[in-house]
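Novice: Below is the structure I would like to discuss, written out as structure tokens.
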Amino acid sequence: MAVDEAILRAVAAGLVPPTLRLYAWEPPCLSLGRAQPLADVDREAVQAAGFNLVRRPTGGRAILHVDELTYSVVAPQGEPRVTGGIVESYRRLSAGLVHGLERLGMAGLVADRRAPPSPTGRGGTGVCFEVPSDYEITAGGRKLVGSAQMRAQSVVLQHGAVPLHGDIARICSLLASRPDP
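Going by my numbering, the sequence shown opens with residue 427, and the numbers climb by one from there.
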């Protein structure tokens, strides 16, 4: 994700065009959202599992980067696909993701507005895929793609994760308070 931050700086300086990057992690990694408390994580369990621990520059909750595809989109705020507020750019980027996933044969995908978040913004556990946010992609009521966004230097950076296998118990074993999977 440091590469994504470097791309953000390069886009801000006009050195590179808007960028879509797809990548996987080696070794596997647990990433925390920008404001997520480190206390949410059992660091000994992360180390014992052989995973790295990083903090994303974007928001959101914990994501275990193993058996998944990570994407980043970096573009100037004036770029038509990310212009406007955060929710509007989420809507546009999610529509593009839905289109791509449908072309790969996935059906029944939805990316729409959600109920307002809890007043504390911390309902449930620290697991990203537990609760969808506005315009995150779901199918059958389950969150399929987790995304988070930040803006700096008049540039938008959106990260996202597309799990290739569902194993909620695995990430729950790395959290300080272990919810039932």
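Just so it is clear, CB atoms sit at the ideal spot from N, CA and C, and this is done for glycine as well.
Buried or exposed, going by whether 16 or more other CB atoms sit within 10 Å of the CB of D430?
Specialist: It counts as buried.
Novice: For the alpha helix (DSSP H) containing V429, list its first residue and its last residue.
Specialist: First-last of the alpha helix (DSSP H) with V429: A428 to A438.
Novice: Start and end of the beta strand (DSSP E) containing S457?
Specialist: C455 to L458
Novice: According to DSSP, P589 sits in a beta bridge with which residue or residues?
Specialist: E494
Novice: Suppose contacts are defined by Cβ-Cβ distances below 8 Å. Is V500 in contact with T445 by that definition?
Specialist: yes
Novice: Go through the stretch 466–526 residue by residue and report every complete run of the alpha helix (DSSP H) that reaches 4 residues or more, in order.
Specialist: 469–474
Novice: V536 bridges to which residues according to DSSP?
Specialist: Residue pairing by DSSP puts V536 in a beta bridge opposite T564.
Novice: Here's a check: name, in chain order, each residue in its chain whose Cβ is nearer than 6 Å to the Cβ of L458, leaving out the five neighbours to either side.
Specialist: Cβ neighbours of L458 beyond the five flanking positions: R481 and A488.
Novice: Taking buried to mean at least 16 other C-beta atoms within 10 Å of its own C-beta, is Q584 buried or exposed?
Specialist: Q584 should be labelled buried.
Novice: Per DSSP, A578 is paired with what?
Specialist: V581
Novice: Grab me the residues of W451's own chain with a C-beta within less than 6 Å of its C-beta, minus the 5 sequence neighbours each way, in chain order.
Specialist: H491
Novice: Judging by CA-CA distance, which residue of L570, A578 and A602 is the nearest neighbour of T496?
Specialist: L570
Novice: Would you mind working out which of L601, G485 and A587 sits nearest R447, comparing C-alpha positions?
Specialist: A587
Novice: Among V437, D466, G526 and A537, whose alpha-carbon lies nearest the alpha-carbon of S515?
Specialist: A537
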